[in-house]
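To start, the structure under review is shown below, and the notes come after it.
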């Protein structure tokens with residue numbers, strides 16, 4: 004059930020009609036049932052896995068809180084092993100076995116291996132990280148264990164963010180689920196706007212960019228460097244619009260339900276250094292990795308080299324989180340290397356008093372440089388094979404002559420992504436001027452005279468319908 | 002229970018949404034009113050047809066060809082993105098002693114230079130007692146399934162004769178395009194595509210950007226599909242069934258039908274599906290239809306000149322080939338068509 008499908012909106016309309024007049028307890032039951040129906044619509048067989056993960060963490064967290072302090076660690080380990088075990092079995096088992104076999108082969112020691120014939124459960128990486136974060140928070144004493152199974156099960160399975168995040172912190176979402184909801188006019192308005200914006204990002208930008216990206220990355224390598232370069236730019240736009248569009252719809256739907264989800268993106272391509280990029284891209288994952296992995300590994304403590312090692316390890320595992328493939332690991336390694344280089348540069352500047360060369364560059368140039376480094380990493384993320392990525396890079400570095408078809412592609416990219424870039428640019432300027440995050444919508448969207456607002460909404464709807472790609476395409480992050 | 006937010010603003014909150022609906026409705030009405038051949042020009046109108054059928058860019062549609070009243074007295078069949086017919090006009094009220102024929106077929110019969118034009122010219126020269134009108138609705142790539150729709154259009158305009166020319170080579174296209182068309186109409190799009198603003202907007206956009214158009218057709222898909230015997234069998238069966246339905250529909254209205262059998266070149270190039278329709282063509286004689294055997298007409302030409310009757314693709318007819326088919330067809334009609342009895346001497 005895709006967010007941009009009629010089926011989802013029909014499903015949500017039914018859920019909403021029951022939800023709004025109900026009491027808080029009943030609302031939670033309705034949402035829980037709806038979440039299980041939503042997840043079951045993908046593959047009902049994995050509902051058991053979801054319920055198992057829920058029960059384990061529900062019980063472990065209570066035991067961590069109630070049990071003798073000396074045994075709390077065991078309960079935490081039980082929770083972590085269970086969650087990571089589920090993830091390892093369903094997502095990484097075949098990958099590790101195949102990699103082990105390849106390594107043995109390379110060493111001249113061929114081994115017979117067995118792989119599991121299993122399907123990857125949708126959203127498994129998201130909800131296992133979310134529940135692990137909860138038990139760790141309880142263990143660290145940051146929050147009490149939940150004593151309401153319905154509320155906790157809803158926290159794990161909450162359908163707007165179940166399959167592709169944001170990976171919500173229990174400290175943020177659980178209290179909201181336990182409390183009364185306030186469905187206000189402002190929330191309805193903002194929610195509807197976010198849904199519309201998310202649909203725009205998905206249908207107009209992401210799905211149309213896919214038409215440029217897929218033939219090149221899926222082709223036989225017979226493309227010019229300019230075509231390849233444009234495909235890389237298009238993929239950068241596609242994955243941003245696809246994922247942030249999903250998050251916007253999830254946040255919008257949640258607002259309609261009276262629940263606030265965290266922002267997952269903050270105009271990442273306006274970042275001017277790698278650290279800032281990760282403060283803006285997939286924020287819920289990068290914060291999770293920082294708080295539960297990087298800091299656990301030692302974080303910034305223990306010397307510079309240990310810090311670099313921690314950064315690299317965190318990004319490698321962050322890459323692997325996206326999928327069981329070495330290409331994701333390479334993608335993570337590139338980002339890890341960028342973070343390490345940036346950090347070491349800062350150390351050099353700080354210790355030896357070197358002039359901050361990078362900081363003398365205009366932000367636009369720094370942003371462009373970083374954007375292209377991020378694009379370089381995207382090639383490995385999207386190409387699926389090293390050979391494919393190599394072909395792509397070879398084409399880009401050897402022949403950059405633009406044909407009329409390439410210029411047409413450039414125009415199409417502006418037609419599709421221009422409004423999104425304009426909105427992001429406005430938000431960025433607003434944030435820099437006022438020092439506070441901009442609202443999700445331009446001010447005049449809600450304050451202009453009614454006929455103007457009506458025209459704006461009508462044009463946005465028409466833009467989605469006219470420029471949007473007709474066929475329903477899955478969100479990219481569903482596969483993770 | 003949800004707590005309603007205190008009302009802090011006095012202005013009605015949903016006025017923007019009401020205005021949105023007003024704007025959408027206004028734009029839709031404007032599109033319906035003003036997107037006409039007169040206001041946007043026939044060329045643009047032909048390329049950006051406001052109705053939606055198959056694809057946003059090009060393709061053969063499953064809607065009837067566009068033959069519409071053109072002024073008070075005439076009907077014009079427009080060329081549009083779904084029907085690459087040439088523009089043809091005929092009188093709205095058929096005059097007495099008129100014999101109006103409609104041709105349905107694929108590329109062998111399509112175009113102003115096809116044999117139907119020669120046939121009509123020959124008929125006019127040989128039989129002045131009748132006003133011969135020939136409307137050619139054959140389209141390159143059209144198979145027999147789409148011809149069922151085209152026949153509906155023909156039947157609206159008082160036909161006296163239906164000429165059918167389908168060799169089975171376009172059944173793949175019919176099937177493939179129908180699948181794509183069904184996909185495009187899935188889900189919410191079946192409702193959205195009723196909007197002319199949307200359809201016109203998308204078509205204008207697809208004129209500008211090739212990537213937004215229906216994927217270009219290549220021969221590879223057909224070649225692969227033709228390698229499966231079950232596909233060939235299915236296409237053969239469908240062709241035969243459609244032929245019978247076309248004939249039955251016309252005959253139910255007492256309209257004579259002529260089936261034009263394909264002439265074929267013996268040495269077909271690899272990858273071209275065999276035009277094994279001759280047997281099927283002969284089998285249709287049982288329905289009491291007129292048969293014109295183009296292959297036999299070609300065989301009457303001296304062997305060393307036969308290759309000149311085909312284009313280099315060894316499939317479609319050359320100008321000379323069209324002439325032979327057209328004149329042969331005219332002779333058959335003068336000889337066998339009941340309405341042509343007035344054209345004495347025989």
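Chains as they are written, first to last, in my numbering: chain A, 4 to 483; chain B, 2 to 347. Backbone N, C-alpha and C define an ideal beta-carbon position, used for all residues, glycine too.
Run of the beta strand (DSSP E) containing residue i, from where it starts to where it stops
{"i": "residue 102/B", "result": "99-106"}
{"i": "residue 256/A", "result": "Careful: residue 256/A lies outside any beta strand (DSSP E), inside the alpha helix (DSSP H) at 228-259."}
{"i": "residue 166/B", "result": "162-166"}
Residue i, enclosing alpha helix (DSSP H) - first and last residue
{"i": "residue 70/B", "result": "Counting along the chain, residue 70/B falls outside any alpha helix (DSSP H), though it belongs to the beta strand (DSSP E) covering 68-71."}
{"i": "residue 418/A", "result": "407-437"}
{"i": "residue 48/B", "result": "43-48"}
{"i": "residue 178/B", "result": "172-185"}
{"i": "residue 128/A", "result": "127-142"}
{"i": "residue 153/B", "result": "145-156"}
{"i": "residue 210/A", "result": "210-220"}
{"i": "residue 297/A", "result": "Looking at the DSSP string, residue 297/A is not in any alpha helix (DSSP H), and its letter there is neither H nor E."}
{"i": "residue 37/B", "result": "Looking at the DSSP string, residue 37/B is not in any alpha helix (DSSP H), and its letter there is neither H nor E."}
{"i": "residue 123/B", "result": "116-127"}
{"i": "residue 449/A", "result": "447-450"}
{"i": "residue 237/B", "result": "230-253"}
{"i": "residue 317/A", "result": "307-325"}
Under the three-state DSSP convention, the category residue i falls into
{"i": "residue 272/B", "result": "Confidence at residue 272/B is low in this model, with a pLDDT of 35, below 50, so the placement of that residue should be treated as unreliable; the coordinate-derived value is given next. Correct three-state label for residue 272/B: coil."}
{"i": "residue 18/A", "result": "helix"}
{"i": "residue 179/A", "result": "helix"}
{"i": "residue 166/A", "result": "coil"}
{"i": "residue 262/B", "result": "strand"}
{"i": "residue 135/B", "result": "strand"}
{"i": "residue 97/A", "result": "helix"}
{"i": "residue 336/B", "result": "helix"}
{"i": "residue 353/B", "result": "Only positions 2 to 347 of chain B appear in the structure, and residue 353/B is not among them; the question remains open."}
{"i": "residue 121/A", "result": "coil"}
{"i": "residue 29/B", "result": "helix"}
{"i": "residue 203/A", "result": "helix"}
{"i": "residue 276/A", "result": "coil"}
{"i": "residue 90/B", "result": "strand"}
{"i": "residue 4/A", "result": "coil"}
{"i": "residue 288/B", "result": "helix"}
{"i": "residue 318/B", "result": "strand"}
{"i": "residue 70/A", "result": "coil"}
{"i": "residue 209/B", "result": "helix"}
{"i": "residue 374/A", "result": "helix"}
{"i": "residue 108/A", "result": "helix"}
{"i": "residue 268/A", "result": "coil"}
{"i": "residue 3/A", "result": "Because chain A spans 4 through 483 in this model, residue 3/A falls outside it and cannot be assessed."}
Candidates the options, of which the one nearest residue i by Cα
{"i": "residue 230/A", "options": "408/A, 140/A, 48/A and 432/A", "result": "408/A"}
{"i": "residue 17/A", "options": "26/A, 5/A and 34/A", "result": "34/A"}
{"i": "residue 85/A", "options": "190/A, 165/A, 228/A and 135/A", "result": "135/A"}
{"i": "residue 293/B", "options": "32/B, 166/B, 88/B and 34/B", "result": "166/B"}
{"i": "residue 203/A", "options": "126/A, 426/A, 185/A and 82/A", "result": "426/A"}
{"i": "residue 92/B", "options": "130/B, 102/B and 85/B", "result": "102/B"}
{"i": "residue 212/B", "options": "454/A, 411/A, 422/A and 435/A", "result": "411/A"}
{"i": "residue 251/B", "options": "97/B, 152/B and 182/B", "result": "152/B"}
{"i": "residue 278/A", "options": "311/A, 250/A and 345/A", "result": "345/A"}
Partners in chain D for residue i, counting only beta-carbon separations shorter than 8 Å
{"i": "residue 211/B", "result": "In the structure shown, chain D does not exist; the protein chains are A and B."}
Burial state of residue i, where buried means 16 or more other Cβ atoms lie within 10 Å
{"i": "residue 69/B", "result": "exposed"}
{"i": "residue 300/B", "result": "exposed"}
{"i": "residue 305/A", "result": "exposed"}
{"i": "residue 113/A", "result": "exposed"}
{"i": "residue 15/A", "result": "buried"}
Heavy atom of the ligand SAM within 8 Å of residue i beta-carbon
{"i": "residue 46/A", "result": "Absent from the structure shown: the ligand SAM. Ligands present: none."}
| task | Examine the Cβ distances between the region 15-22 of chain B and the region 454-473 of chain A and report whether three or more of them are shorter than 8 Å. | result | Touching, yes.
| request: Specify whether the region 366-373 of chain A and the region 324-334 of chain A touch according to this definition: at least 3 beta carbon pairs, one from each stretch, less than 8 Å apart. | output: no
| query | Would you call the region 183-192 of chain B and the region 248-265 of chain B touching, i.e. three or more CB-CB distances under 8 Å? | reply | no
| query | Do the region 141-152 of chain B and the region 235-244 of chain B make contact, defined as three or more Cβ pairs closer than 8 Å? | reply | With the cut-off at 8 Å, the region 141-152 of chain B and the region 235-244 of chain B touch.
| request: Inspect the CB distances between the region 262-275 of chain A and the region 213-232 of chain A and report whether three or more fall short of 8 Å. | output: no
| Segment contact, 8 Å Cβ cut-off, at least three pairs: the region 374-386 of chain A with the region 307-320 of chain A | no
| query | Is it true that the region 55-62 of chain A meets the region 161-168 of chain A, where meeting means three or more beta-carbon pairs spaced less than 8 Å apart? | reply | no
| said: For the region 168-187 of chain A against the region 212-223 of chain A, do three or more pairs of beta-carbon atoms, one drawn from each stretch, fall closer than 8 Å, so that the two count as touching? | reply: no
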